[in-house]
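Peer 1: The structure is given below, and queries will be raised subsequently.
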Amino acid sequence: MPSLKSILVHHDEQLTKALNIRLNHQGLYPWINRLTRTMDPLPSMVITTVLMAYLFVSSNWLTGYRFIGLYFTTEAIIHFLKATFSRRRPFRVLHQLVFEVPIPKDPHSFPSGHTGSAVVIALVLGWLFPAYTLVFSLYPLLIGFSRIYLGYHYPSDVLVGGVIPLVLAGLFS
């Protein structure tokens with residue numbers, strides 16, 4: 036009888052193939068690549084810095100400190116888990132994937148840092164502008180989808196990368 040881990044890995048790989056191979060469309064590929072790049076380290080730092088500056092200039096100190104704590108704790112946990120699990124990225128394991136984007140410096144996929152950062156930013160924007168929380172929540176969903184579609188991550192990487200800041204946000208509340 037297969038182990039639970041082997042069953043989960045199998046389904047993770049099948050869903051990754053479905054999103055990457057079956058949904059692949061050359062016209063969509065460049066747009067999804069541009070979207071995912073918004074959470075690369077430099078753009079993410081710029082967005083984070085602008086958001087922090089806004090929070091402190093507007094004297095929204097509590098949200099500012101929560102944001103700093105949430106952002107850096109999320110990043111630390113994600114980097115710790117990546118080093119601990121050392122899961123290879125799908126494009127390195129599933130050779131039939133369509134992979135036409137730059138190879139990331141970080142060879143590990145679990146969990147998704149891009150998704151984690153996007154969730155942090157969406158949460159903070161939701162705290163600032165509660166009426167638009169649903170709109171802001173679409174951004175990390177799209178980032179997560181893009182990471183799977185492009186072959187950088189498995190669905191479980193994206194799921195855990197998104198759950199980490201959600202759990203931490205509850206703790207920081």
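In this text, residue positions in the sequence shown follow this note's numbering: the first is 36, and each later residue adds one.
Positions of the beta carbon are idealized from the N, C-alpha and C atoms, including for glycine.
In this text, all values refer to a predicted model and were calculated from it rather than measured experimentally.
Thinking C-alpha only, which one of L43, R122, E48, I138 is nearest Q131?
Peer 2: It is E48.
Peer 1: Suppose only complete runs of 4+ residues qualify. What are the alpha helix (DSSP H) ranges in the stretch 51 to 90, listed by chain order?
Peer 2: Counting only runs of 4 or more, we get 64 to 72.
Peer 1: Would DSSP call H46 helix, strand or coil?
Peer 2: Looking at H46 - three-state DSSP - the assignment turns out to be helix.
Peer 1: Beta-carbon separation of H114 and G148 under 9 Å?
Peer 2: It is a contact, given that the beta carbons lie within the stated cut-off.
Peer 1: Figure out for me which residue from L129, F180, S172, I82 has the closest Cα to the Cα of I67.
Peer 2: If we check each option's Cα against that of I67, F180 comes out closest.
Peer 1: Sorry if obvious, but does the Cβ on H143 come closer than 8 Å to a heavy atom of the ligand GDP?
Peer 2: By its list of ligands, the structure shown contains no ligand whatsoever, and the ligand GDP lies outside what it can speak to.
Peer 1: Which residue comes first and which comes last in the alpha helix (DSSP H) that contains L129?
Peer 2: Per DSSP, L129 belongs to no alpha helix (DSSP H) and is neither H nor E.
Peer 1: Put H188 into one of helix, strand or coil per three-state DSSP.
Peer 2: The answer is coil: DSSP assigns H188 none of H, G, I, E or B.
Peer 1: What's the call for V193, buried or exposed, on a 16-neighbour Cβ count within 10 Å?
Peer 2: Looking at its Cβ environment, which holds 16 or more other Cβ atoms inside 10 Å, V193 is buried.
Peer 1: Output needed for L201: all residues of its chain with C-beta closer than 8 Å, excluding positions within five of it in sequence on either side, in chain order.
Peer 2: Counting only Cβ-Cβ distances below 8 Å, and skipping sequence neighbours, we find V154, L158.
Peer 1: Go ahead and label T119 buried or exposed: buried means 16 or more other beta carbons lie within 10 angstroms of its beta carbon, across all protein chains shown.
Peer 2: Its Cβ having fewer than 16 others within 10 Å, T119 is exposed.
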